[in-house]
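Line order of the protein sequences matches chains A and B. Be aware that the first sequence starts at 193, since it is given in our numbering, and climbs by one per residue. Be aware that the second sequence starts at 193, since it is given in our numbering, and climbs by one per residue. From the three backbone atoms N, C-alpha and C, an ideal C-beta is built for every residue, glycine too. These numbers were taken from a predicted model, which means no experiment stands behind them.
There are 2 protein chains.
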Amino acid sequence: MAKLGNRKNGSRKEMISLAAARLFREKGFASTGMRDLAGDVGVEAASLYNHIRSKSELLQEICFRVANDFNTQLQQMESSETLSSIEKLEAIVRFHIDMWVNRLDEVIVTNNESKYLEEPYNATFLNERRIYVRRLEQIIEDGIRKGQIRKVQPYAVVLTLLSAVRGIEFWHRTKKNISASELEESMIVHLVEGLKK
Amino acid sequence: MAKLGNRKNGSRKEMISLAAARLFREKGFASTGMRDLAGDVGVEAASLYNHIRSKSELLQEICFRVANDFNTQLQQMESSETLSSIEKLEAIVRFHIDMWVNRLDEVIVTNNESKYLEEPYNATFLNERRIYVRRLEQIIEDGIRKGQIRKVQPYAVVLTLLSAVRGIEFWHRTKKNISASELEESMIVHLVEGLKK
DNA sequence: AAACAAAACTAACAAGTGTTAGTGCTTTAT
DNA sequence: ATAAAGCACTAACACTTGTTAGTTTTGTTT
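This is the structure we're talking about:
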């Protein structure tokens, strides 16, 4: 018998998840058929079900994998005792930019298609997002209290930061005369520099 | 006979378009069925076709109506001879915020669902967007040349500005202890103030 | 009241949806 | 070699999709 977590098994499942992320991004979750996905993987639609439980499961794995990566990095920043609030914020924004540059498919799907998660996953996801925003607000509030950050509306700033990096999606589409690192530096200066006291 | 452009006719079509915008936003274009839409309007699905040509047409009207409103306002700013570059930019960002606050359904559909436009509408739409970005870049380049704006990467700044305001979507979902005008001022300060020389 | 069009209805269509059942080939473990 | 599991296949299911045809009801104009 082939062991569970086999190399072949693993890579097959990964291939499906990868193709799903790309298709969900390009065509949207609802418009991506299992026959589309199967075609991309090079297999009949029914064969996919030897590797996955459902179409929904694919979306769940993508969304929560991404959410988990964001949460993990945030926790690392929170637990740092050497970084200033502004340095934490900058590192977090850089991480977001990095995710949007290097894992575009998954991140876009997580942002745009998470509403198609079945309950209770959808509710859980929205709740996790709310908490994530709250934790970012607290870093800013901390910074203001310690005199490292200008007096701003923490919630408004968090909304702006999280959304601003979504512009990278369009940068991907029309590769301009600007590199990823130039874009990153420009965004950091524009978004974070102005918060310093 | 009832005249074309009748009050009843007009309001019926408007009702359909309005309901479509709301449903397309909530459920996505692909997941919104004509039977869903008909149910919201209070009519059978087939009856919709006395007022519209197709589901696609509804999306086209929403997307190009919004695009047109953005283009019109941009043109007004471009043709101003009294405003400085930074003042133009601020007015444009305020207009974007205003659209995201007051016409959320249409704007979100335009942003998220335009990919479902049929050709050649999709290509036209993407092209119009590209041109819109280009024109914003030129305002920034102008401001830099005239010494009114700091030396920044115009393209990166435009991407950041256009995307940052998308955060308003989440503000809508979870009405926080912050008003629309507070949010607007906060965003303007965060996004535009830092560009001044 | 007669005429006419606007706009609602029912019924149906062809195509596409995610998914299951059942079968057999291929690979791995004993 | 033999048993077991992995994995792909075909065929089919129950359902939903956007849309059309044809008919009847509603409302306005002459």
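Asked: CB-CB under 8 Å to residue 285 of chain B, same chain, minus the five flanking residues each way: which ones, in chain order?; Found: 353, 357, 379, 380, 383 and 384
Asked: In the DSSP assignment, what are the bridge partners of residue 388 of chain B?; Found: B:341
Asked: Can you give the Cα-Cα distance for residue 355 of chain A and residue 351 of chain B, rounded to whole angstroms?; Found: 11 Å
Asked: Would you call the CB atoms of residue 416 of chain B and residue 302 of chain B closer than 7 Å?; Found: Residue 416 of chain B cannot be examined here, being either before or after the span of chain B that is shown, 193 to 389.
Asked: Going by beta-carbon coordinates alone, are residue 289 of chain B and residue 335 of chain B separated by less than 7 Å?; Found: no
Asked: Go ahead and pull the three-state DSSP assignment for residue 305 of chain B.; Found: helix
Asked: Quick check on the DSSP output: the alpha helix (DSSP H) that includes residue 231 of chain A runs from which residue to which?; Found: 226-233
Asked: Please return the same chain residues whose Cβ sits closer than 8 Å to the Cβ of residue 197 of chain A, not counting the five positions on each side in sequence.; Found: Interpretation of residue 197 of chain A is limited by its pLDDT of 38, a score under 50 that renders its predicted location unreliable; the figure taken from the coordinates is listed afterwards. Closer than 8 Å at Cβ, skipping near neighbours: no residue.
Asked: DSSP state of residue 374 of chain B, grouped into three classes?; Found: helix
Asked: Is the beta carbon of residue 240 of chain B closer than 7 Å to that of residue 221 of chain B?; Found: no
Asked: Using the C-alpha atoms, what's the distance from residue 344 of chain B back to residue 320 of chain A?; Found: 35 Å
Asked: Would you kindly work out how many angstroms separate the C-alpha atoms of residue 213 of chain A and residue 372 of chain A, rounded to a whole number?; Found: 22 Å
Asked: For residue 220 of chain A, name the three-state secondary structure that DSSP assigns.; Found: coil
Asked: Pairing CB atoms from the region 267-283 of chain B with CB atoms from the region 319-333 of chain B, are three or more of them under 8 Å?; Found: yes
Asked: Just tell me which of B:267, B:229, B:260 and B:339 has its CA closest to the CA of residue 316 of chain B.; Found: B:260
Asked: Please list the partners that residue 293 of chain A has in chain B, where partner means a Cβ-to-Cβ separation under 7 Å.; Found: Under the 7 Å cutoff, chain B gives no residues; its nearest Cβ is about 12 Å from residue 293 of chain A.
Asked: Taking DSSP as the reference, what is the three-state secondary structure of residue 368 of chain A?; Found: coil
Asked: Using the Cβ count rule (16 or more neighbours within 10 Å means buried), how would you classify residue 367 of chain A?; Found: exposed
Asked: What residues from chain A crowd round residue 374 of chain B, counting only those whose CB sits closer than 9 Å?; Found: 345 and 348
Asked: Mind listing the chain B neighbours of residue 304 of chain A? Cutoff is C-beta to C-beta under 8 Å, in chain order.; Found: 304
Asked: Let me check understanding here. Comparing Cα to Cα, which of A:262, A:304, A:206 and A:374 lies closest to residue 362 of chain B?; Found: A:304
Asked: Can you name, in chain order, every residue of its own chain whose Cβ lies under 8 Å from the Cβ of residue 269 of chain A, other than the five neighbours on each side?; Found: 275, 280, 283, 284 and 331
Asked: Out of B:308, B:325, B:264 and B:232, which has the shortest C-alpha to C-alpha gap to residue 346 of chain B?; Found: B:325
Asked: If you drop the 5 nearest sequence neighbours on each side, which residues of the same chain put their C-beta closer than 8 Å to that of residue 209 of chain A?; Found: 250, 253 and 254
Asked: Looking at the C-beta of residue 379 of chain B, does it have a partner C-beta in chain A at a distance below 7 Å?; Found: yes
Asked: In whole angstroms, what is the alpha-carbon distance linking residue 206 of chain B and residue 291 of chain B?; Found: 19 Å
Asked: Residues in the same chain with beta-carbon distance under 6 Å from residue 297 of chain B, minus the five sequence neighbours each way, listed in chain order, please.; Found: 213, 214 and 217
Asked: Please state the DSSP three-state secondary structure of residue 201 of chain B.; Found: Confidence in residue 201 of chain B is poor, its pLDDT being 44 and thus under 50, which makes the residue's placement unreliable; the coordinate value appears in the next sentence. Of the three classes helix, strand and coil, the one that applies to residue 201 of chain B here is helix, per DSSP.
Asked: Is it buried or exposed for residue 359 of chain A, if we count other Cβ within 10 angstroms and need 16 for buried?; Found: buried
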